[in-house]
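Note sheet for the following structure.
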Amino acid sequence: MTIFDFVVIGVMLFSIALGLWRGLAHEAMSLVGLVIGYQLARMYSHALGVLLPAASGPEYVRVMVAFVAIFVVVVFAFDAVAWMVSKLMVKVGVGWLNRILGGAFGSLRGALLLLILTWLGGMTSLPQQEFWRQASFSRPLVSIALEQKDWLPDSLAQRLHY
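Residue numbers 41 to 202, in the numbering used here, belong to the letters of the sequence shown in order.
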């Protein structure tokens, strides 16, 4: 096992534990935020990326920065709404079921985060590094990332080097 594998395990364990702790109401809103954040980032990253100063790098780097920025802003906005919904759910008292279903949603979030991290890593020289090539989880994640690369803007999908 390499650092890559430990990061994958850590992301999944942390995400599932967070889901168990926060519960379904918060996790559902967070998942919706991830999906909408992704869609908005995909739709508007190129338009925002070309508006960034040329001094910040080549166009594909600016589009990648814009994609991440849009995604993060939307996720944080949904997280604020999720916090409010979660406070309301405490009053309802859905109990252990809320927590277990939150863990399931946490696993979905962790898987999506790993997909995004694999895409971002694939746009760098990381896949050629020894820790990536020797990792147990790298092949399945790269396989999924390649199967789902149509979800990326074309200018980013062309930059994947696995």
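No residue lacks a Cβ here, since even glycine has one placed at the ideal position from N, Cα and C. The structure presented is a predicted model; accordingly, all values stated were derived computationally and were not measured.
- In summary, H201 is exposed, with fewer than 16 beta-carbon neighbours lying within 10 Å of its beta-carbon over all protein chains present.
- The C-beta of G135 has fewer than 16 other C-beta atoms within 10 Å across all chains shown, which makes the residue exposed.
- The beta carbon of M52 sits closer than 8 Å to the beta carbons of S147, G150, A151, L154 from its chain, once the five residues preceding and following it are set aside; these are given in chain order.
- In the DSSP annotation of this structure, the continuous segment of the alpha helix (DSSP H) that includes G73 starts and ends at 64 to 89.
- With respect to the 8 Å criterion, G161 and E67 are not classified as neighbours on the basis of their beta carbons.
- Taken in chain order, the whole alpha helix (DSSP H) runs of length 4 or more contained in the stretch 115 to 167 are 135 to 162.
- In chain order, L155, T158, W159, G162, L200, Y202 place their CB closer than 8 Å to the CB of A185, counting only its own chain and leaving out the 5 sequence neighbours on each side.
- The closest CA to that of D45, considering only R173, G73, N138, is found on R173.
- The way I'd put it, the stretch 84 to 99 does touch the stretch 108 to 124; three or more beta-carbon pairs between them come closer than 8 Å.
- Put simply, the backbone Cα of F177 is about 29 Å away from that of R102.
- Annotated as distal: G50 and V115, with beta-carbon spacing of 8 Å or more.
- By alpha-carbon distance to L192, the top candidate from V75, G59, A122, S70 is V75.
- Proximity to L128 across S55, F54, G63, G59 peaks at G63, based on C-alpha coordinates.
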